[in-house]
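Here the sequence shown stands for residues 551 to 1185, where the numbers follow the numbering used here. No residue lacks a Cβ here, since even glycine has one placed at the ideal position from N, Cα and C. The structure presented is a predicted model; accordingly, all values stated were derived computationally and were not measured.
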Amino acid sequence: MKTTLLVVASLLTFSVFSQNRNLSAIEKVQPRSIESKLDLNIQTQIYPEINNAAFERSSLETTRLDISSSSNIYGIFSGNQRVVSAQPSANMIAFGNRAGGSFGATGNDLRIAYSTDLGNSFTNFIVSPLAGSGYMFRYPSVSIFNPAGNTSTDNMLAVYSGPFTNAGGWVGQYYGSSNLDGTNVNTTFDINEPTVYINHLNVGLVAFPSGHVHVASSRLNGVEGNYTHNGWEVQNGMYNSETNTIDWADEPVKIEPVLLEEGRTDADRMVFSPDGSVGYIVATGIDADPEYNLYGVEWPIVYKTTDHGVTWEKTPAFDFSELSAFNEHLWPLRADFDKVVPKWYNKWASDDNQLNNGATVDKNGNLHLAAFVRSTYSIHPDSLNYVYSEEPKFIFDVFMEGDGTWNAIFVDTIRTKQHVFSTLDLDQRIAMSRTEDGSKVFVTWADTDTRLWGNTFTTNMAPDILTWGFDIDTRLYTDPVNKTAFSDIWGDNFWLHVSDMVLTEADQYHVPVSTTTTGTTDLDPVTHHSVSGITLLEADFININNKYSVLPKDAGILLSVKQNYPNPFNGTTQVDVTLAKTALVSLEVYNIVGQKVYEIPARNLGEGVHSFQINAANLKAGIYTILLKKGCTFV
551 MKTTLLVVAS
561 LLTFSVFSQN
571 RNLSAIEKVQ
581 PRSIESKLDL
591 NIQTQIYPEI
601 NNAAFERSSL
611 ETTRLDISSS
621 SNIYGIFSGN
631 QRVVSAQPSA
641 NMIAFGNRAG
651 GSFGATGNDL
661 RIAYSTDLGN
671 SFTNFIVSPL
681 AGSGYMFRYP
691 SVSIFNPAGN
701 TSTDNMLAVY
711 SGPFTNAGGW
721 VGQYYGSSNL
731 DGTNVNTTFD
741 INEPTVYINH
751 LNVGLVAFPS
761 GHVHVASSRL
771 NGVEGNYTHN
781 GWEVQNGMYN
791 SETNTIDWAD
801 EPVKIEPVLL
811 EEGRTDADRM
821 VFSPDGSVGY
831 IVATGIDADP
841 EYNLYGVEWP
851 IVYKTTDHGV
861 TWEKTPAFDF
871 SELSAFNEHL
881 WPLRADFDKV
891 VPKWYNKWAS
901 DDNQLNNGAT
911 VDKNGNLHLA
921 AFVRSTYSIH
931 PDSLNYVYSE
941 EPKFIFDVFM
951 EGDGTWNAIF
961 VDTIRTKQHV
971 FSTLDLDQRI
981 AMSRTEDGSK
991 VFVTWADTDT
1001 RLWGNTFTTN
1011 MAPDILTWGF
1021 DIDTRLYTDP
1031 VNKTAFSDIW
1041 GDNFWLHVSD
1051 MVLTEADQYH
1061 VPVSTTTTGT
1071 TDLDPVTHHS
1081 VSGITLLEAD
1091 FININNKYSV
1101 LPKDAGILLS
1111 VKQNYPNPFN
1121 GTTQVDVTLA
1131 KTALVSLEVY
1141 NIVGQKVYEI
1151 PARNLGEGVH
1161 SFQINAANLK
1171 AGIYTILLKK
1181 GCTFV
């Protein structure tokens, strides 16, 4: 006789309950009490809150392959560039950079490498987008257009963009396409308006199977050394099957936020949903609208499109201090416990800055931000004589819920400060990816793991690659995993770039990434590498996210859910749910590795108590989790 145990993970109000699928992998982190924080002397060393990553597993499978080179580090140093991309339908990884160095060609050529075997081998070719123009291109972004249903590289296009210059300064932007052998080169050049210092036309470059192509620029007005941020420009294009090129719009779409402090935005990102219809432009900054700027600190400034980038509107204001995930991990603003105010750190916000925040869009069209977030804390209870204390730096996945609210999950602690190479700051290069269908999202970053190297390394001078994943449907997430510890490239993963999508092989998710080895100075030639083995397994998604940060608008509809009875059981069991008013409710059952094994489809239920009967005839003996769904509310 088999016996089945069902676990109901309940969240009925703001109360937080933690229930892991795998009891041997329970969440290691415990929230720090506010009292313990305030007892600390501000001169005392504060140790990071570590979400103990499983760095001991599969690290030796990580390998590195030289795939390209550049004349100097300035071909790929910007984290905003699209350097690595993927085409899951063709099992393709693509890498694009400014050429030169040991692989040949010049710094005015574009070198593109692609793989169709999970990064085991690469094909290389050169594009000369500016040949005969007299211009010099810089900071290129590269992506691949793969028509719907196609698997042959003969029918694909490389799409590229970036700013160009001449001996006198920045001139404008270039964008174009070519075949995957360097032929059929078509490049458009746009000259800057007189007020523009530079348009970095390399943010979020993406090409969809439908033919839609998008890339954004961060527009800077003024002159070198004295310029202000003036919003973004989005250049849209459409594949032309008759000419086998991209037809670009005559004029870019301009997005101009009003900022409290001009020039104070950073970490620009543009990302789109899997079908390409929904997109977001996001950066961190201080908004001039008081509704969006409650505390005068850097928060996300987000614009959204629902028509393939033609029009963009600002998303509704939201008070991020309401997120319970921040309250569990960040320190209060003052000693009287008045508020925990999260602060997105960028290059303007602190000397210990972060140049990159990751972003992606899930299957439901909801934006996710892999944010470097901190708070400030003062021992003084009033508004005068604040004495601020340092606190650990955290990564969160901060994401929309689709009903106007946001949520957040703690990912891991950033363990080191930026490392300075020549005049360039090397941060953790936080990035996000998703599966092709957007059902899973991933955060990947490079940090010096002080658990392995010790606390003598205070800057990011020996970075390893870490990754973390979140399942949109089951709300299961992984532990953060150090994938390069103890490997041949342990502590040698600089200038990380991460693909916008992952590749799936059976129950494995491969995150395509690249790193770069520099010379002694920033002007020496560099070598670029593809790193294989940055993977997560389906079985790694074991932790349950039922820590709801904000009560969704319809959360009050689900008044109560009782534990199933009998439990354990064989045969059938019953779950009772009480509704405050009519609602569409469904029930799903998941096994210990996160697979959905039983479902009662959504049904329209009225006010009162309702019973769900679960038949275990086809379930193996084991532990299962029940998920009740009402809109954005999961119980």
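> What distance in whole Å lies between the Cβ atoms of G954 and N916, which are believed to be in contact at a cut-off of 8 angstroms?
Replying inline: About 11 angstroms; that fails the 8 angstroms criterion.
> What number of angstroms, rounded off, separates the C-alpha of N1010 from the C-alpha of N705?
Replying inline: 42 angstroms
> Should the stretch 733-745 be regarded as contacting the stretch 616-630, the criterion being three or more beta carbon pairs within less than 8 angstroms?
Replying inline: no
> Going by C-alpha distance, which of T1128, N696, R688 and T1066 is nearest Q725?
Replying inline: Sequence inspection shows Tyr at residue 725; the Gln mentioned does not correspond to that position. Here the closest residue by C-alpha is R688.
> Quick check: the stretch 631-650 against the stretch 830-842, are there 3 or more CB pairs under 8 angstroms?
Replying inline: no
>> Need the endpoints of the alpha helix (DSSP H) that N877 sits in, please.
In response: S874 to H879
>> Tell me the rounded alpha-carbon separation between S652 and D1072.
In response: 16 angstroms
> Just curious, the alpha helix (DSSP H) that R979 is in, first and last residue?
Replying inline: No alpha helix (DSSP H) holds R979; DSSP gives it neither H nor E.
>> What does DSSP give as the partner residue(s) for S711 in the beta ladder?
In response: S691 and Y725
> Within the chosen definition, does the stretch 757-766 reach the stretch 786-800 through at least 3 CB pairs nearer than 8 angstroms?
Replying inline: yes
>> I need the straight-line Cα distance from E841 to I851, nearest angstrom please.
In response: 12 angstroms
>> Tell me which residue opens and which closes the alpha helix (DSSP H) that L770 is part of.
In response: Note, L770: premise wrong, no alpha helix (DSSP H); beta strand (DSSP E) at H762 to V773.
> So P866 packs on F876, CB below 8 angstroms; how close in whole Å?
Replying inline: Not quite, the Cβ-Cβ distance comes to about 19 angstroms (not below 8 angstroms), so this is no contact.
> Does the distance from the CB of H779 to the CB of T815 come in under 7 angstroms?
Replying inline: yes
> Which same chain residues, not among the five before or five after Y747, have their C-beta less than 8 angstroms away from its C-beta?
Replying inline: W720, L770, N771, G772, V773, E774 and Y777
> Hey, how far is the Cα of Y710 from the Cα of V756?
Replying inline: 9 angstroms
> What residue from V993, Q1113, H969 and G732 has the CA that sits closest to F1044's CA?
Replying inline: H969
>> Using the Cβ count rule (16 or more neighbours within 10 Å means buried), how would you classify L1129?
In response: buried
> W1003 lies in the alpha helix (DSSP H); which residues open and close that run?
Replying inline: T1000 to W1003
> Assuming N1093 and L1026 make a contact with CB atoms under 8 angstroms, what is their CB distance in whole Å?
Replying inline: 6 angstroms
> Taking V803 as the reference, which of S972, D857, I1164 and D1126 has the closest Cα?
Replying inline: D857
> Got a sec, what are the start and stop residues for the beta strand (DSSP E) I643 sits in?
Replying inline: M642 to R648
> In its own chain, which residues sit with a C-beta less than 8 angstroms from the C-beta of V860, not counting the 5 before and 5 after it?
Replying inline: N786 and V803
> Hey, how far is the Cα of W1018 from the Cα of D1050?
Replying inline: 14 angstroms
> If you compare alpha carbons, which of K1170, R819 and N734 is closest to N907?
Replying inline: R819
> Between E783 and N749, which are expected to be in contact by the criterion C-beta below 8 angstroms, what is the C-beta distance as a whole number of angstroms?
Replying inline: 6 angstroms
> What number of angstroms, rounded off, separates the C-alpha of A717 from the C-alpha of Y685?
Replying inline: 9 angstroms
> In the DSSP assignment, what residue or residues form a beta bridge with F822?
Replying inline: G829
> How many Å lie between N734 and M788 at the Cα?
Replying inline: 16 angstroms
> Going along the chain, which residues of its own chain have a beta-carbon closer than 8 angstroms to the beta-carbon of L610, five neighbours each way excluded?
Replying inline: For L610, the pLDDT reaches just 48, beneath the cut-off of 50, and the residue's location in the model is therefore unreliable, although a value from the coordinates is still provided. These residues qualify, in order along the chain: F1036 and S1037.
> Which whole-angstrom value is the C-beta distance of V753 and Y830, which I expect to be below 8 angstroms?
Replying inline: The pair is not a contact, with the Cβ atoms about 12 angstroms apart (cut-off 8 angstroms).
> Relative to the C-alpha of V1111, which residue among N790, H1160 and D999 is closest?
Replying inline: H1160
>> Alpha carbons only, please: which of A920, T966 and S989 is nearest the one belonging to P959?
In response: Sequence check: residue 959 is Ile here, not Pro. Ranking the options by Cα distance to I959, first place goes to A920.
> Pick from F949, T1070, K913 and L873: whose alpha carbon is nearest that of Q971?
Replying inline: Note that residue 971 is Phe in the sequence shown, not Gln. Nearest option by C-alpha distance: T1070.
>> I need the DSSP call for E801, collapsed to helix, strand or coil.
In response: coil
>> Is it buried or exposed, P1151, if we count other Cβ atoms within 10 angstroms and call 16 or more buried?
In response: exposed
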